[in-house]
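To start, the structure under review is shown below, and the notes come after it.
In the numbering used here, the protein residues as written are 3 to 298.
Set out below in structure tokens:
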């Protein structure tokens with residue numbers, strides 16, 4: 003797979019997550035955020051498990067990873083669970099506008115964390131493109147941002163943890179089977195969510211059945227399918243580019259909101275869509291044109 007194909011897959015991932023955002027928001031009417039996060043990823047793990055078994059048989063290797071891989075998968079699963087649980091908690095006390103904007107901070111934080119952890123300096127176009135994508139998310143959210151509630155701080159924590167997950171996934175995925183990695187981190191998320199929810203939230207079967215549709219979509223489609231695509235695609239692109247393409251989640255969330263909820267986008271939202279699109283094109287095309295430029 004070349005980098006352009008990988009980035010296209012990440013764009014598809016953003017589209018799936020955009021649709022999943024609606025399910026995440028509506029599920030909070032009937033279930034707690036930690037329990038929802040745990041149950042959705044347990045569903046995701048069960049959905050991916052058959053394909054992980056097939057992958058293991060074709061590779062001629064056992065399904066269960068070795069000790070070193072378990073440590074890496076445990077780190078990824080913990081970061082994934084912590085990030086999305088923080089986002090779900092934030093949705094209880096912040097607006098969708100603020101949540102969409104603040105979650106998009108990971109676009110900027112991903113290359114910053116890459117420099118801090120690995121001393122990896124991305125192509126210079128990544129920095130203005132990341133800021134452009136962030137500005138686009140702000141415009142797409144309406145540009146209204148006043149004050150920081152408790153939910154806002156939870157969402158900022160979500161963005162920081164997700165940026166860490168993107169960076170560590172980029173480091174680990176090259177040495178692991180992608181379906182094995184995805185399935186393992188999903189099971190870890192599910193176990194953590196159910197265990198923690200049992201201690202801090204009300205847990206009842208009626209809550210799960212009431213939000214079954216949202217759990218299945220967020221778990222099997224937005225979780226199992228989209229995160230597996232991400233794990234496969236990030237083997238063939240850089241973490242900063244992956245972050246920018248996945249930031250299209252906000253664009254698709256606005257599109258699905260218009261299609262299914264009757265929401266309408268004004269001139270400000272359209273300008274935000276244009277900025278995100280230009281950012282994605284810039285991060286893909288400018289490095290490619292520079293590589294193809296003939297030597298003088």
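C-beta: ideal position from N, C-alpha, C; glycine also.
In whole angstroms, what is the alpha-carbon distance linking residue i and residue j?
i: residue 48; j: residue 185; result: 8 angstroms
i: residue 107; j: residue 277; result: 15 angstroms
i: residue 153; j: residue 132; result: 24 angstroms
i: residue 16; j: residue 206; result: 32 angstroms
i: residue 257; j: residue 244; result: 21 angstroms
i: residue 287; j: residue 61; result: 35 angstroms
i: residue 1; j: residue 211; result: With the chain running from 3 to 298 in the structure shown, residue 1 is simply not present.
i: residue 141; j: residue 203; result: 35 angstroms
i: residue 59; j: residue 271; result: 48 angstroms
i: residue 116; j: residue 208; result: 43 angstroms
i: residue 19; j: residue 181; result: 19 angstroms
i: residue 68; j: residue 82; result: 21 angstroms
i: residue 54; j: residue 269; result: 45 angstroms
i: residue 273; j: residue 57; result: 43 angstroms
i: residue 303; j: residue 172; result: With the chain covering only 3 through 298, there is no way to say anything about residue 303.
i: residue 216; j: residue 280; result: 32 angstroms
i: residue 298; j: residue 253; result: In this prediction, residue 298 has a pLDDT of 46, which is less than 50 and means its spatial position is unreliable; what the coordinates show is noted afterwards. Looking at the two C-alpha atoms, the distance is approximately 41 angstroms.
i: residue 70; j: residue 259; result: 43 angstroms
Span of the alpha helix (DSSP H) holding residue i?
i: residue 251; result: 251-262
i: residue 57; result: 35-61
i: residue 134; result: 128-142
i: residue 188; result: 180-202
i: residue 211; result: 207-212
i: residue 122; result: Unbroken run through residue 122: none, as it is neither H nor E.
To which residues of the same chain is residue i closer than 6 angstroms at the C-beta, ignoring the five residues directly before and after it?
i: residue 40; result: 192, 195, 196, 199
i: residue 3; result: 238
i: residue 242; result: 112, 113, 124, 128
i: residue 7; result: none
Counting only the same chain and skipping the five closest in sequence on each side, list residues whose C-beta sits under 8 angstroms from that of residue i.
i: residue 176; result: 237
i: residue 90; result: 26, 30, 35, 36, 38, 39
Pop quiz: residue i and residue j are said to be a contact at Cβ under 8 angstroms. What is the actual Cβ separation, rounded to whole angstroms?
i: residue 231; j: residue 14; result: 6 angstroms
i: residue 92; j: residue 157; result: 4 angstroms
i: residue 88; j: residue 225; result: Not confirmed; about 16 angstroms, so no contact.
i: residue 162; j: residue 249; result: Not a contact, Cβ separation roughly 15 angstroms.
i: residue 119; j: residue 169; result: 6 angstroms
Ignore the nearest five residues each way along the sequence and tell me which others in residue i's own chain have a CB closer than 7 angstroms to its CB.
i: residue 9; result: 239, 243, 247, 286
Cβ of residue i versus every heavy atom of the ligand SAM: is any distance shorter than 7 angstroms?
i: residue 229; result: The ligand SAM is absent from the structure shown, which contains no ligands of any kind.
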